[in-house]
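Enquirer: Can you read through this structure? Questions will come right after.
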Amino acid sequence: MIRKIAILTSGGDAPGMNAALRACIRAGLYAGKEMYVVYDGFRGLVEGNIKVVTKDFTQDIINRGGTIIRSARLPEFRELEVQKKAAQRLQDYDIDALIGIGGDGTFMGLGALAKLGISVIGIPATIDNDVASTEETIGFSTALNTICECVDKLKDTSGSHQRCSLIEVMGRHCGDLAMYASLAEGAEAVICPEHPLKEEVLFKKLRKMKAQNKSHAIILVSENLININELAEKIAKETGFDTRTEVLGRLQRGGSPTAHDRIIAAKFGATAVHILTEAKNTTAKILGIKSNVIQEYEMEEALAMKHEPAHGLRDLIDELQ
Ligand code: F6P
6 MIRKIAILTS
16 GGDAPGMNAA
26 LRACIRAGLY
36 AGKEMYVVYD
46 GFRGLVEGNI
56 KVVTKDFTQD
66 IINRGGTIIR
76 SARLPEFREL
86 EVQKKAAQRL
96 QDYDIDALIG
106 IGGDGTFMGL
116 GALAKLGISV
126 IGIPATIDND
136 VASTEETIGF
146 STALNTICEC
156 VDKLKDTSGS
166 HQRCSLIEVM
176 GRHCGDLAMY
186 ASLAEGAEAV
196 ICPEHPLKEE
206 VLFKKLRKMK
216 AQNKSHAIIL
226 VSENLININE
236 LAEKIAKETG
246 FDTRTEVLGR
256 LQRGGSPTAH
266 DRIIAAKFGA
276 TAVHILTEAK
286 NTTAKILGIK
296 SNVIQEYEME
306 EALAMKHEPA
316 HGLRDLIDEL
326 Q
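Residues in the sequence shown are numbered consecutively from 6, following this note's numbering.
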């Protein structure tokens with residue numbers, strides 16, 4: 006039977022990680038477990054930065070952005086010796102199970118610990134929404150709203166100056182933030198891995214807009230794909246639109262989580278503890294959400310899945326642009 010559970014957050018932080026941490030701790034204490042937090046992700050685990058917590062620890066964190074137990078990226082965690090050290094730290098405290106809140110990188114780390122006999126559960130949290138085994142990750146809703154707030158403001162000035170604005174958003178290699186933001190903002194175009202740039206089509210559209218005296222254009226672009234400054238120069242040359250670029254950057258990762266992110270975080274956290282409470286043997290699972298219902302997948306199965314854009318999303322974008 007699992008008696009002691011630790012929680013860590015890892016990878017890029019995401020709004021709602023604290024809400025998930027709160028849910029795990031409270032559900033664990035409710036089930037009579039001893040609850041621990043690990044500071045600084047897998048690095049803190051290797052270094053033994055582990056602390057036992059009570060309900061007080063969760064006071065007033067549900068609405069806070071970032072992660073109060075901090076996060077880190079640790080490429081060395083791919084090495085077996087480093088993994089063994091981390092497993093040993095948990096064993097030093099007699100901790101039977103670890104809940105990791107993060108994205109794919111976090112789940113790989115958890116998978117390695119599962120092979121060393123630790124029970125693990127992964128809760129998907131990243132603004133990128135790029136975890137294949139879930140329709141939604143914690144933090145995506147908040148980041149999307151942040152993008153919309155920024156684009157609303159940019160629209161004001163873009164319209165006043167009759168400009169074309171190229172706005173780069175995060176997502177690593179996933180276009181969900183760009184695509185959903187383009188839908189929510191009624192953008193003129195979106196450029197992302199799932200909806201690549203067709204230069205001539207874009208220029209034709211912008212020339213037509215210019216000829217019809219449409220005051221301005223908003224184009225959303227995923228990071229790590231194209232050089233937006235070079236594209237801005239081409240747009241100006243080919244279409245006559247005075248063009249500006251904006252990179253929203255890490256602004257997208259901050260802020261108080263939306264109610265939606267807090268609620269899915271609560272469901273994920275409590276479910277993770279329920280699974281561990283009922284587990285008879287060493288368990289390794291990743292949670293997901295599908296049509297609003299929490300799902301559990303075996304670690305190996307989830308890691309083998311491939312992220313696909315939501316059904317019909319690209320067609321809807323094309324239809325409404
Ligand atoms: O995974 C979240 C994310 O914000 C990505 O969108 C982005 O590519 C990356 O993290 C940036 O990471 P860092 O802040 O470590 O440079």
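C-beta atoms are modelled at their ideal positions from N, C-alpha and C, and glycine is treated no differently.
This structure is a prediction, so every number in the text was calculated from the model and none was measured.
For A130 versus A284, is the C-beta spacing smaller than 9 Å?
Expert: no
Enquirer: How many angstroms separate the CA atom of V58 from the CA atom of A19?
Expert: 22 Å
Enquirer: Check M310 in the structure and name its three-state DSSP category.
Expert: coil
Enquirer: Could you tell me if G122 is buried or exposed, where buried requires 16 or more neighbouring beta carbons within 10 angstroms of its beta carbon?
Expert: It counts as exposed.
Enquirer: Taking 8 Å as the line, does the beta carbon of N150 fall inside it for any heavy atom of ligand 1?
Expert: no
Enquirer: Could you pull the start and end residues of the alpha helix (DSSP H) that Q96 belongs to?
Expert: 85-97
Enquirer: Can you tell me whether I73 is helix, strand or coil according to DSSP?
Expert: coil
Enquirer: For the alpha helix (DSSP H) that contains E204, what are its first and last residues?
Expert: 204-216
Enquirer: Pick helix, strand or coil for Y35, following the three-state DSSP scheme.
Expert: helix
Enquirer: Looking at A175 and ligand 1, is the gap between the Cβ and the nearest heavy atom below 8 Å?
Expert: Just to set this straight, residue 175 is Met in the shown sequence, not Ala. Yes; taking the cut-off as 8 Å, the Cβ of M175 has a heavy atom of ligand 1 nearer than that.
Enquirer: DSSP three-state label for S146, please.
Expert: helix
Enquirer: Just to check, is the beta-carbon of T244 closer than 8 Å to a non-hydrogen atom of ligand 1?
Expert: no
Enquirer: Please determine, among D99, E140, P314, the residue with the shortest C-alpha to C-alpha distance to G53.
Expert: D99
Enquirer: Got a sec: does ligand 1 put a non-hydrogen atom nearer than 8 Å to the Cβ of T63?
Expert: For ligand 1, not one heavy atom lies less than 8 Å from the Cβ of T63.
Enquirer: From this set, G191, M113, A11, K90, which residue's C-alpha is nearest I291's C-alpha?
Expert: M113
Enquirer: Closer than 8 Å to a non-hydrogen atom of ligand 3 - does that hold for the CB of A19?
Expert: For the structure depicted, ligand 3 is absent and the ligand set comprises only ligand 1.
Enquirer: What distance in whole Å lies between the Cβ atoms of V174 and Q64, which are believed to be in contact at a cut-off of 8 Å?
Expert: Wrong, their Cβ atoms sit about 34 Å apart, outside the cutoff.
Enquirer: Could you tell me whether the region 303-322 touches the region 135-149, using the rule of 3 or more Cβ pairs below 8 Å?
Expert: yes
Enquirer: In the structure shown, what three-state DSSP assignment does S227 receive?
Expert: strand
Enquirer: Considering only their Cβ atoms, is the gap separating I30 from V43 smaller than 9 Å?
Expert: no
Enquirer: Consider the C-beta atom of T282 and the heavy atoms of ligand 1; say whether any pair is separated by less than 8 Å.
Expert: no
Enquirer: If you drop the 5 nearest sequence neighbours on each side, which residues of the same chain put their C-beta closer than 6 Å to that of N289?
Expert: Looking at the sequence itself, residue 289 is Ala, so the reference to Asn does not match. Correct list, in chain order: A119, V125, M304.
Enquirer: Under 8 Å: do the region 257-275 and the region 196-214 share three or more Cβ pairs, one atom per stretch?
Expert: no
Enquirer: On a CA-only basis, which of E141, T282, S15 is nearest N297? Give me that one, please.
Expert: E141
Enquirer: Just grab the DSSP bridge partners of R168 for me.
Expert: The partner list for R168 (beta bridge, DSSP) reads D247.
Enquirer: For V151, which residues from the same chain have a beta carbon less than 7 Å from its beta carbon, with the 5 sequence-adjacent residues on both sides left out?
Expert: At residue 151 the sequence reads Thr, which differs from the Val that was named. Cβ within range, chain order: L256, Q257, G260.
Enquirer: Verify whether the separation of the beta carbon atoms of V195 and I224 is less than 9 Å.
Expert: yes
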